[in-house]
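Participant:
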Amino acid sequence: MCGRFSLYTPPEVIREKFELVEYPPLRSSYNVAPSQDVAAILNTEPDKAVAVKWGIVPHWAKDEKSPKGMINARAETLAEKRTFAPLLEKTRCVIPADGFYEWKATDEGKQPYRIEYKKGLFGFAGLWNEWELDGKKHRFCAIITCAPNKVVHEIHDRMPVILDPSQKMDWLEKGDTALLKP
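Per numbering that gives the first Met the number 0, residue 0 is the first one in the sequence shown, and the count goes up by one each step.
Here it is in structure tokens:
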């Protein structure tokens, strides 16, 4: 599970690495949390990052608060889940990040670990949707998770799907599910 991440990379570096012409005015943070606005590159506008709320509201929910936003989606079951299957087909996104946190259970409690990509900036494979509330469109996202790699396996049984910036279009345009692995 991915419940916190960091994005402290300067916006100009994010724009360059992900080949973006626009980036939203969001604050850098070492502690990005669910329900906060995050930068996401949507498949409908792959040259721009926009602010979306982290936590998808299912299309079948009665309103934005029912049920609570879903922050993660398991890669192994995306195509089977009524919340995520339509999004996998039509609304994919990449969420820039430079680290994520996983918590390891110990005898003293949970110990957080910040995990980084050797090459620096990366993106999470994600899904997004849109709701109309109070006459305005609002966008929401979820981070796709998979089984852990060798490093994360020592800490947690899940990890977010990590994409190199060069894989952005493979995910956004093609929805290449072969990318949804550690």
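Backbone N, C-alpha and C fix where the C-beta goes; we use that ideal spot for every residue, glycine too.
Computed from a prediction, not measured in an experiment: that's the story for all the values here.
Identify which residue in Pro111, Asp163, Lys80, Leu179 has its Cα closest to the Cα of Glu153.
Facilitator: Counted from its first residue, the sequence shown places residue 153 at position 154. The residue with the shortest Cα to Cα distance from Glu153 is Pro111.
Participant: Tell me whether Asp214 sits in a helix, a strand or coil according to DSSP, three-state version.
Facilitator: The structure shown has nothing for residue 214, since the chain only spans 0 to 181.
Participant: Work out the CA separation of Lys61 and Leu19 for me, nearest whole Å.
Facilitator: Against the sequence shown, residue 19 aligns to sequence position 20. Against the sequence shown, residue 61 aligns to sequence position 62. Approximately 35 Å between the Cα atoms of the pair.
Participant: Does the distance from the C-beta atom of Ile94 to that of Gly125 stay below 9 Å?
Facilitator: Here the question's residue 94 lines up with position 95 in the sequence shown. Here the question's residue 125 lines up with position 126 in the sequence shown. Cβ distance < 9 Å, so Ile94 and Gly125 count as in contact.
Participant: Relative to the C-alpha of Lys52, which candidate in Leu179, Gly134, Glu131, Trp127 has its C-alpha closest?
Facilitator: The count along the sequence shown starts at 1 and reaches residue 52 at position 53. Closest option to Lys52, Cα to Cα, is Trp127.
Participant: Whole angstroms are fine: how far does the CA of Leu87 sit from the CA of Ala146?
Facilitator: The residue given as residue 146 occupies position 147 in the sequence shown. The residue given as residue 87 occupies position 88 in the sequence shown. Distance between the alpha carbons of Ala146 and Leu87 is about 18 Å.
Participant: With a threshold of 7 Å on Cβ separation, who are the neighbours of Ile142 within its own chain once the five nearest residues in sequence on each side are excluded?
Facilitator: The residue given as residue 142 occupies position 143 in the sequence shown. Only Cys1, Ile70, Asn71, Ile94, Phe123, Gly125, Pro159 meet the Cβ criterion.
Participant: With DSSP collapsed to three states, give me the class of Glu79.
Facilitator: Here residue 79 refers to the residue found at position 80 of the sequence shown. Three-state result, Glu79: helix.
Participant: Give every residue of the same chain whose Cβ lies closer than 7 Å to the Cβ of Thr170, excluding the five residues on either side of it in the sequence, and list them in chain order.
Facilitator: Here residue 170 is taken as the residue at index 171 of the sequence shown, counted from 1. Per the sequence shown, residue 170 should be read as Trp rather than Thr. Here the set comprises Arg91, Val93, Ala124, Leu162, Leu178.
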